[in-house]
Amino acid sequence: MDVEQFRKAGYAAIDKICDYYINLNSKRVVSNVQPGYLAPLLPSAPPEKGEDFDAIAADYDRVIMPGLTHWQHPSFFAYYPTAASFEGILGDLYANYASNPGFNWSCSPASTELEVIVMDWAAQLLGLSSAFHNSVGLGGGVLQTTASESALVATVAARERFRAANPDSAIEDLIIYVTTETHSLGLKAGRVLGLQVRTLPVRTEDQFALRGSVLQEALEEDKAAGRHPFILMATVGSTSSGAIDNLPEINAILQDHPEIWLHVDAAWAGIALCCPEYRELLHLDAINSGADSFCTNFTSTLWVRDRKSLTSALDITPPFLRTAHGDAGTVIDYRNWHLALGRRFRSLKVWFVLRGFGVQGFQKHIRQAIELNQHFNTLLADSDILELVTPPSLALTVFRVVPSKHSDVDVAALNTLNAEFHSRLTARTDLVLTQTVLNGIFCVRLAVGAQRTTETHIRSAFDAINEEARAALAVWNLPARA
Numbered sequence: 017m018d019v020e021q022f023r024k025a026g027y028a029a030i031d032k033i034c035d036y037y038i039n040l041n042s043k044r045v046v047s048n049v050q051p052g053y054l055a056p057l058l059p060s061a062p063p064e065k066g067e068d069f070d071a072i073a074a075d076y077d078r079v080i081m082p083g084l085t086h087w088q089h090p091s092f093f094a095y096y097p098t099a100a101s102f103e104g105i106l107g108d109l110y111a112n113y114a115s116n117p118g119f120n121w122s123c124s125p126a127s128t129e130l131e132v133i134v135m136d137w138a139a140q141l142l143g144l145s146s147a148f149h150n151s152v153g154l155g156g157g158v159l160q161t162t163a164s165e166s167a168l169v170a171t172v173a174a175r176e177r178f179r180a181a182n183p184d185s186a187i188e189d190l191i192i193y194v195t196t197e198t199h200s201l202g203l204k205a206g207r208v209l210g211l212q213v214r215t216l217p218v219r220t221e222d223q224f225a226l227r228g229s230v231l232q233e234a235l236e237e238d239k240a241a242g243r244h245p246f247i248l249m250a251t252v253g254s255t256s257s258g259a260i261d262n263l264p265e266i267n268a269i270l271q272d273h274p275e276i277w278l279h280v281d282a283a284w285a286g287i288a289l290c291c292p293e294y295r296e297l298l299h300l301d302a303i304n305s306g307a308d309s310f311c312t313n314f315t316s317t318l319w320v321r322d323r324k325s326l327t328s329a330l331d332i333t334p335p336f337l338r339t340a341h342g343d344a345g346t347v348i349d350y351r352n353w354h355l356a357l358g359r360r361f362r363s364l365k366v367w368f369v370l371r372g373f374g375v376q377g378f379q380k381h382i383r384q385a386i387e388l389n390q391h392f393n394t395l396l397a398d399s400d401i402l403e404l405v406t407p408p409s410l411a412l413t414v415f416r417v418v419p420s421k422h423s424d425v426d427v428a429a430l431n432t433l434n435a436e437f438h439s440r441l442t443a444r445t446d447l448v449l450t451q452t453v454l455n456g457i458f459c460v461r462l463a464v465g466a467q468r469t470t471e472t473h474i475r476s477a478f479d480a481i482n483e484e485a486r487a488a489l490a491v492w493n494l495p496a497r498a
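Numbering of the sequence shown is given in our numbering, commencing with residue 17 and proceeding in unit increments.
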C-alpha cells in the first residue's frame, strides 16, 4: 500500500467509523453467532500474495462485524462500557502512525514526558494528593495495560519492600489480603507470584464493604501463626456490587502495621472522583492519606506514593538499555514502572481526551450516567416483582426477581428463579446485563456508562427486564420457606 492508497483507505475507514456510530442504536447489542463460526468463513492458511485492501475491508464487514458485541451501544449494561470517544479513537490513530516502544526516555522523549504530564493532569482531575504527582519527585503515575496488571505490579513492589525490611521471612509465609468482593485480579496475582491469598469476608449489612474489625481479626490470627500479610487490596466500587471498602477504618488499623502495602483498586468507580460531590463517598481523603498505590481504569492509570519502591522491584537494566540520562537519574524510564519492556504511546490518547473533554466534560458524563441509574431505580421501586439486593452504587444497580414484595420464599428457590430470569435476558440481543452472586444470593447487574445512553434506553431496558421477569415467574412454582 502506497501513500495515496493509504489516504483513500483511511478516508473510507473514517467514514465507516462515523456510519457505525450513527447507526449504532439500530444494531443488536450482542451477536447471534455460534462458537466456531469464524473458521469456516476464512481460509485455512494465509494468502501467498498480498490482497487488495478493499477486499480486506469488505471481509471485515462480512465476517468480523457479525461477531462483535457492541460495548459502546446505548443498551449495553454489562460490565462497564469501554472508552471509545472520538478523541480517543483519533489519539490511537496519531499514536500508531508514529509508533515507538517508549521503554526509556531516549527512545522518544515526547512519549515519556507527555506521560509524566498527563498523569499529573489526571491526578489533579481526580483530586489525588500531590504525593502522587510525578512533578514532586517522590511518588508518581504510570499507564499500565490493565487494572489487573496494576494490582500485580503493586504486589511485586509490596513483596520486595517487605522482604527488604524482613530478609529472614520465608516466601511461603507471605500473604495477600483480598475480600470476597475483590476483583479476580487479587487471586490471579497470588497465582502468578506463587503467594498465599486470604479472602476476608464482607457482610450484606455493610453493603459488602470491608470493615476494620474484620481486618484486625485476620491480622491478629495470621501474625500469631507466624504468617506475614504484606499487602491489602482494598476496593472502591467493586465490579460485582459496587462495594466501597471502609478505608478510614482500614487506615486506622494499618497505622499499627506499616509493613502492609495498601493498594486501592478503583478500576470502575475511581473516575467519579472528578466530581467533588462523590469524593467523600469514595473516601478520597483516606486514599490520599493512606494508600500506597491507587488504580482506576482511566486508561488503566496507576499512581504510587513511593516510586522507588516500584522501580527498585522492577529495575532490570542490561548494558544495551543503559543511557546517559538514565544513569544520571534526570529522566523517568517507564519500563521500570511495569512488567513489560516495550510500551505504547498511550499518553497521547489520554492527552487528546483530557483536552477534548476538559474537567467539565468528564463531570458531565459521570453525572449523566449516575442520573440515568437513578432513573432506573425509580422505575424499579414501583415494581412488585423486582427488588434491590444492595443499595445502588453510582451508576450500578444490583437486583433480583421476587414473587412479590411480601412473599416468604426459600433462598435456593429464589436463586433458581433468578438464574432462569438471567438466562432469558441473555437470550435477547437488544440489551445485555450480567449476573453475580452476593453472599449466596444470585442477582443481576445493570451498569450504565455508555456515552450515548438516554432515558429512552433505560425505559426500554426496564420494560424488557420486567417482561422477562414475569415470564420467569410464570414457569416456576416456588415453594414457601419452611
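Glycine included, every Cβ here is placed at the ideal spot set by N, Cα and C.
Nothing here was measured: the structure is a model prediction, and the numbers come from that model.
Taking just the CA atoms, how far does Arg177 sit from Glu20?
54 angstroms
His438 to Thr450, Cα distance in whole Å?
8 angstroms
Can the beta-carbon of His279 be found less than 9 angstroms from the beta-carbon of Gln160?
no
Are the segment 250-259 and the segment 271-288 touching by the rule of at least three beta carbon pairs closer than 8 angstroms?
yes
Label Tyr193 either buried or exposed according to how many other C-beta atoms from any shown protein chain fall within 10 Å of its C-beta, with 16 as the threshold for buried.
buried
Which residue or residues does DSSP assign as beta-bridge partners of Trp277?
Ile247
Per DSSP, Phe415 forms a beta bridge with which residues?
Leu404 and Val460
Where do the N-terminal and C-terminal ends of the beta strand (DSSP E) with Val208 fall, by residue?
Under the DSSP assignment, Val208 falls outside any beta strand (DSSP E), being part of the alpha helix (DSSP H) whose first and last residues are Leu201 to Leu209.
Measure the beta-carbon distance from Phe458 to Ala435 and round it to whole angstroms, keeping in mind my assumption that it falls under 8 angstroms.
Going by Cβ atoms, the distance from Phe458 to Ala435 rounds to 6 angstroms, so yes, they are a contact pair.
Is Val491 helix, strand or coil by DSSP?
helix
Taking the Cβ atom as the reference point for each residue, do Ala480 and Leu441 lie within a distance shorter than 9 angstroms?
yes
Phe378 lies in the beta strand (DSSP E); which residues open and close that run?
No beta strand (DSSP E) contains Phe378, which is instead part of the alpha helix (DSSP H) from Arg362 to Ala397.
Per the DSSP calculation, Thr85 is bridged to which residue(s)?
DSSP, once it has assigned bridges, lists no residue as partnering Thr85.
Hey, is the segment 359-370 in contact with the segment 106-125, meaning 3+ C-beta pairs nearer than 8 angstroms?
Contact between the segment 359-370 and the segment 106-125 is present, because at least three Cβ pairs lie under 8 angstroms.
On the DSSP bridge list, what partners appear for Cys311?
Asp281 and Leu318
Could you check what DSSP says for Ile348 in three-state terms: helix, strand or coil?
coil
Please classify Met135 as buried or exposed, where buried requires at least 16 neighbouring CB atoms within 10 angstroms.
buried
Is Gln160 helix, strand or coil by DSSP?
coil
Thr198, DSSP secondary structure in three states
coil
Residues in the same chain with beta-carbon distance under 7 angstroms from Cys123, minus the five sequence neighbours each way, listed in chain order, please.
Asn116 and Pro117
Rounding to the nearest angstrom, what Cα-Cα distance links Asp75 and Tyr37 in this structure?
19 angstroms
Are Thr413 and Pro90 touching if we call contact CB-CB under 9 angstroms?
no
Can you look up Ile303 in the DSSP assignment and give me helix, strand or coil?
Residue state, collapsed to three classes: helix.
Go ahead and label Cys34 buried or exposed: buried means 16 or more other beta carbons lie within 10 angstroms of its beta carbon, across all protein chains shown.
exposed
Given Ile191, which residues of its chain have a CB within under 8 angstroms of its CB, disregarding the five upstream and five downstream residues?
Leu211, Gln212, Val213, Arg214, Asp238, Arg243, His244, Pro245 and Phe246
Backbone secondary structure at Gln451 - three-state DSSP
strand
Should Ile287 go down as buried or exposed, given a rule of 16 or more other Cβ atoms within 10 Å for buried?
buried
Taking Gln232 as part of the alpha helix (DSSP H), name the residues at either end of that continuous run.
Gly228 to Ala240
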